[in-house]
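Data first, discussion second: the structure below is written as structure tokens.
Numbering (the numbering used here), first residue to last: 445 to 631.
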């Protein structure tokens, strides 16, 4: 009878080990799942129109023709509540109660208007972005730098000649994954 118990105990032990290995396999595959990655990896500044067409006369049309596009490249919606978009001079726009759908873009206008799921407004009466040189910085609700978009001025060796929308200057993507040095990261 002790030989039977020994075999039964060995089988039970093997079953427990197999179950543990199975759980470990599922846990490893779940962590490799792109959906399990940080939401910051999927949200980016995808375009900037820092120089509104025509005269910068602070009209409704001129202010709202200055904008920054923020894009979610994942399939899942991302809650942007508390995220900020800021320039070098300290002007900051904070997203309030905004959820960016999967594979969607929201345009952040400088001027005033009625917020929708595609367009939000900073409600400013002056232009925010410097036409000669500036940097738009997107941060999450924990103040982690998610993405930056720079143009004009003195450029460093990490410049990328990447053009978006109506922007005719260089695009420099710097994000939290590479320490803000513009190399490595996701591209």
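Think of the CB as a built atom: it goes at the ideal place given N, C-alpha and C, for glycine as much as any other residue.
### Same chain, Cβ closer than 7 Å to residue 575, five either side skipped, listed in chain order
494 and 495
### Task
Starting from residue 494, follow the beta strand (DSSP E) in both directions and report where the run begins and ends.
Residue 494 -> no beta strand (DSSP E), and no H or E assigned at all.
### Task
Buried or exposed for residue 556, please, with buried defined as at least 16 other CB atoms from any protein chain shown within 10 angstroms of its CB.
exposed
### Message
Given a cut-off of 9 Å on the beta-carbon distance, is the pair residue 515 and residue 549 in contact?
### Response
yes
### Selected residue, minimal CA-CA separation from residue 521, among 484, 570 and 572
484
### Message
So if DSSP puts residue 543 in a beta bridge, which residue, or which two residues, is it bridged to?
### Response
523
### Message
I need the straight-line Cα distance from residue 503 to residue 510, nearest angstrom please.
### Response
11 Å
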